[in-house]
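From first to last, the protein sequence lines are chains C and Z.
According to UniProt numbering, the first sequence holds residues 1 to 134 in order.
According to UniProt numbering, the second sequence holds residues 1 to 134 in order.
Number of protein chains: 2
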Amino acid sequence: MIGRLNHVAIAVPDLEAAAEQYRNTLGAEVGPAQDESEHGVTVVFITLPNTKIELLHPLGEDSPINGFLQKNPSGGIHHICYEVDDIRAARDQLVASGSRVLGSGEPKIGAHGKPVLFLHPKDFQGCLVELEEV
Amino acid sequence: MIGRLNHVAIAVPDLEAAAEQYRNTLGAEVGPAQDESEHGVTVVFITLPNTKIELLHPLGEDSPINGFLQKNPSGGIHHICYEVDDIRAARDQLVASGSRVLGSGEPKIGAHGKPVLFLHPKDFQGCLVELEEV
Numbered sequence: 001m002i003g004r005l006n007h008v009a010i011a012v013p014d015l016e017a018a019a020e021q022y023r024n025t026l027g028a029e030v031g032p033a034q035d036e037s038e039h040g041v042t043v044v045f046i047t048l049p050n051t052k053i054e055l056l057h058p059l060g061e062d063s064p065i066n067g068f069l070q071k072n073p074s075g076g077i078h079h080i081c082y083e084v085d086d087i088r089a090a091r092d093q094l095v096a097s098g099s100r101v102l103g104s105g106e107p108k109i110g111a112h113g114k115p116v117l118f119l120h121p122k123d124f125q126g127c128l129v130e131l132e133e134v
Numbered sequence: 001m002i003g004r005l006n007h008v009a010i011a012v013p014d015l016e017a018a019a020e021q022y023r024n025t026l027g028a029e030v031g032p033a034q035d036e037s038e039h040g041v042t043v044v045f046i047t048l049p050n051t052k053i054e055l056l057h058p059l060g061e062d063s064p065i066n067g068f069l070q071k072n073p074s075g076g077i078h079h080i081c082y083e084v085d086d087i088r089a090a091r092d093q094l095v096a097s098g099s100r101v102l103g104s105g106e107p108k109i110g111a112h113g114k115p116v117l118f119l120h121p122k123d124f125q126g127c128l129v130e131l132e133e134v
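Take a look at the structure:
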């Protein structure tokens, strides 16, 4: 069912400093900051040869990242995203096997303009797992 | 400096259950469990089309994963590993820019038989970062 690892998302307290570190200290290809107001985050994508790192920073008081950064003030790895061919078929199969989908269970459009869903961390070794249809 | 994302490591309380979930529920290619006694872990590698997931389980009472699982009983994402061409050159450049290397600072041989180093999470947005020479 799962295909490529689309990205690893890292929540960061200082987006500018994190982007600068990946660009200058780690020598990676770092894109511009993009506000994703419907998701309550500002994101910076880092393009590695085989996958992406997504730096996440809260946008607005209701950002889903605020609680994570309160618990992890230095930042931390927030989620991993696997690609799937058919997100509704993947969801139905996962739900049938007892896994929980966060929110309404209906895919939303994610930061790449593709349908995404998040799975319950308690059902996946404590990891927040995003599925993205590609 | 950094190249491919070599793997994402997930610490898990039940290695058998996690491997079974990736194999049967998520339909991924899951390898056999391997004891890495010098690192205090048992690992299972999951091969995705573009990178790997490393499931980590403590091996022995001094395992470096024990503390993590005490804080995160359901498990969680433990570290990410970036590939570098020359690990000593990468280390020297990082140390010169103020980053801290864990342990003695000398590379050890990792689970893939290649030299590895770990960087201080406080210097990298709360993420434990492994570098592996390829």
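Yeah, the Cβ is synthetic: ideal placement off N, Cα and C, and Gly gets one too.
CA nearest to the CA of residue i, picked from the options
i, options, result
"Gly110(C)", "Met1(C), Ala9(C), Gly3(C), Ile2(C)", "Ala9(C)"
"Gln34(C)", "Ala28(C), Gly27(C), Thr42(C)", "Thr42(C)"
"Ser37(C)", "Leu56(C), Lys122(C), Ser99(C)", "Leu56(C)"
"Lys52(C)", "Glu29(C), Leu59(C), Ile65(C)", "Glu29(C)"
"Ala11(C)", "Ile77(C), Leu48(C), Tyr22(C)", "Ile77(C)"
"Asn6(C)", "Leu69(C), Gly67(C), Ile80(C)", "Ile80(C)"
"Leu59(C)", "Leu26(C), Leu15(C), Arg100(C), Glu20(C)", "Leu15(C)"
"Glu132(Z)", "Ala17(Z), Asp123(Z), Ala96(Z), Leu119(Z)", "Leu119(Z)"
"Ser97(Z)", "Ile2(C), Met1(C), Gly27(C)", "Gly27(C)"
"Pro121(C)", "Asp86(C), Arg100(C), Ile2(C), Leu69(C)", "Arg100(C)"
Cα-Cα separation between residue i and residue j, rounded to whole angstroms
i, j, result
"Ser104(Z)", "Glu83(C)", "38 Å"
"Gly40(C)", "Ser63(C)", "4 Å"
"Pro73(Z)", "Pro13(Z)", "7 Å"
"Ala90(Z)", "Ile65(Z)", "26 Å"
"Ile46(C)", "Cys127(Z)", "15 Å"
"Val116(Z)", "Asn24(C)", "22 Å"
"Pro49(Z)", "Glu61(Z)", "35 Å"
"Ala19(Z)", "Gly75(Z)", "13 Å"
"Arg4(C)", "Leu102(Z)", "30 Å"
"Glu106(Z)", "Tyr22(Z)", "34 Å"
"Leu94(Z)", "Arg88(C)", "44 Å"
"His112(C)", "Glu130(C)", "13 Å"
Counterpart residues of residue i in DSSP-defined beta bridges
i, result
"Ala11(C)", "Leu56(C), Gly76(C)"
"Met42(Z)", "Just to set this straight, residue 42(Z) is Thr in the shown sequence, not Met. Note: Thr42(Z) sits in a beta bridge opposite Asp35(Z), His57(Z)."
"Pro115(Z)", "Ile109(Z)"
"Thr47(C)", "Glu29(C), Lys52(C)"
"Glu130(Z)", "Cys81(Z), Phe118(Z)"
"Leu102(C)", "According to DSSP, which records beta bridges pairwise, Leu102(C) is partnered with nothing at all."
- Item | Near-chain C residues of the stretch 29-52 of chain Z - C-beta to any C-beta below 7 Å | Leu48, Pro49, Asn50, Thr51
- Any residues in the stretch 6-31 of chain Z with a beta carbon nearer than 7 Å to a beta carbon of chain C? Which ones, in chain order? Val8, Ile10, Val12, Ala18, Thr25, Leu26, Gly27, Ala28
- Message: If the cut-off is 9 Å on Cβ atoms, which residues from the stretch 112-126 of chain C count as contacting chain Z, listed in chain order?
- Response: Pro121, Lys122, Asp123, Phe124, Gln125, Gly126
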